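Colleague: If you scroll down you'll find the structure; I have some questions about it.
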Amino acid sequence: MAFDLSMPILVVDDYSTMIRIIRNLLKQIGFENVDDASDGSAALAKLQTKRYGLVISDWNMEPMTGYDLLKEVRASPEFSKTPFIMITAESKTENVIAAKKAGVSNYIVKPFNAATLRTKMEAVFPNE
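Position in the sequence shown (first residue = 1) + 3 = my numbering.
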């Protein structure tokens with residue numbers, strides 16, 4: 004599976020250690036062009052300034068959650084087609100269903116490793 008390794012990726016999490024972990028996992032896969040945001044509203048501001056090939060967002064954040072960010076992204080004609088992977092520590096079925104209904108591209112439950120992240124990304128970009 005060949006990704007465009009130069010594709011810009013936006014990682015959204017309010018926990019800086021998690022951002023660092025996801026950055027390192029992406030680096031292991033081969034991605035270097037990674038930006039980050041500390042919550043959904045900061046992510047929306049970054050989306051306005053740069054075209055991202057993928058958004059990877061935590062679910063639980065304040066003041067704007069990853070779920071709210073997902074709904075905003077999907078409601079925007081400009082970003083509605085941007086692949087969006089949701090990360091959460093909770094594997095509650097209702098959360099997965101809500102995220103699917105809101106248009107999430109894929110869903111990862113913590114903890115996870117580079118192989119899991121890669122598999123989830125491959126499912127989002129099947130024909131790359």
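Glycine included, every Cβ here is placed at the ideal spot set by N, Cα and C. From a predicted model like this one, the values you see are computed outputs, not experimental measurements.
1) When we look at the beta-carbon of Met4 and count the other beta-carbons within 10 Å, is it buried (16 or more) or exposed?
2) In angstroms with no decimal places, state the Cα-to-Cα distance between Thr96 and Lys103.
3) Given a threshold of 16 other Cβ atoms within 10 Å of its Cβ, counted over all protein chains shown, does Gly33 qualify as buried or as exposed?
4) Who are the Cβ neighbours of Asp17 in its own chain at under 6 Å, not counting the five residues just before and after it?
5) Three or more C-beta pairs closer than 8 Å, one from the segment 72-88 and one from the segment 44-57: is that the case here?
6) Ignore the nearest five residues each way along the sequence and tell me which others in Arg54's own chain have a CB closer than 8 Å to its CB.
7) Against chain B, with Cβ distances strictly below 7 Å, would Trp62 count as a contact?
8) To the nearest angstrom, how far is the alpha carbon of Pro80 from that of Leu57?
9) Contact defined as beta carbons within less than 8 Å: I believe Pro86 pairs with Val37. What is the distance between those atoms, to the nearest angstrom?
10) Does the separation of the CB atoms of Arg108 and Ile88 fall below 7 Å?
11) Quick check: the Cα distance between Glu125 and Leu29, rounded to an integer number of angstroms?
Modeller: According to the structure shown:
1) Taking the sequence shown and counting its residues from 1, one reaches residue 4 at position 1. Any answer about Met4 is weak, because its pLDDT of 44 lies below 50 and its placement is not dependable; what the coordinates show is given next. When all chains shown are included, Met4 counts as exposed.
2) Here residue 96 corresponds to residue number 93 of the sequence shown, with the count starting at 1. Here residue 103 corresponds to residue number 100 of the sequence shown, with the count starting at 1. Taking the straight line joining both Cα atoms gives about 11 Å.
3) On the sequence shown, position 30 is the one that residue 33 refers to. With fewer than 16 other Cβ atoms within 10 Å, it is exposed.
4) Counting from 1 along the sequence shown, the entry for residue 17 is found at position 14. Correct list, in chain order: Ser41, Asp42 and Met64.
5) yes
6) Taking the first residue of the sequence shown as position 1, residue 54 is located at position 51. Correct list, in chain order: Pro11.
7) Absence of chain B from the displayed structure is noted, only one protein chain being present.
8) Taking the first residue of the sequence shown as 1, we reach residue 80 at position 77. Taking the first residue of the sequence shown as 1, we reach residue 57 at position 54. Going from the Cα of Pro80 to the Cα of Leu57 covers about 16 Å.
9) Residue numbering aside, residue 86 sits at position 83 when the sequence shown is read from its first letter. Residue numbering aside, residue 37 sits at position 34 when the sequence shown is read from its first letter. Contact flag wrong, Cβ pair sits at about 15 Å.
10) Along the sequence shown, read from residue 1 onward, the residue named residue 108 stands at position 105. Along the sequence shown, read from residue 1 onward, the residue named residue 88 stands at position 85. Residue identity differs from the one stated: residue 108 is Ser in this sequence, not Arg. Taking 7 Å as the Cβ cut-off, Ser108 and Ile88 qualify as a contacting pair.
11) Your numbering for residue 125 matches position 122 in the sequence shown. Your numbering for residue 29 matches position 26 in the sequence shown. Roughly 13 Å between the two C-alpha positions.
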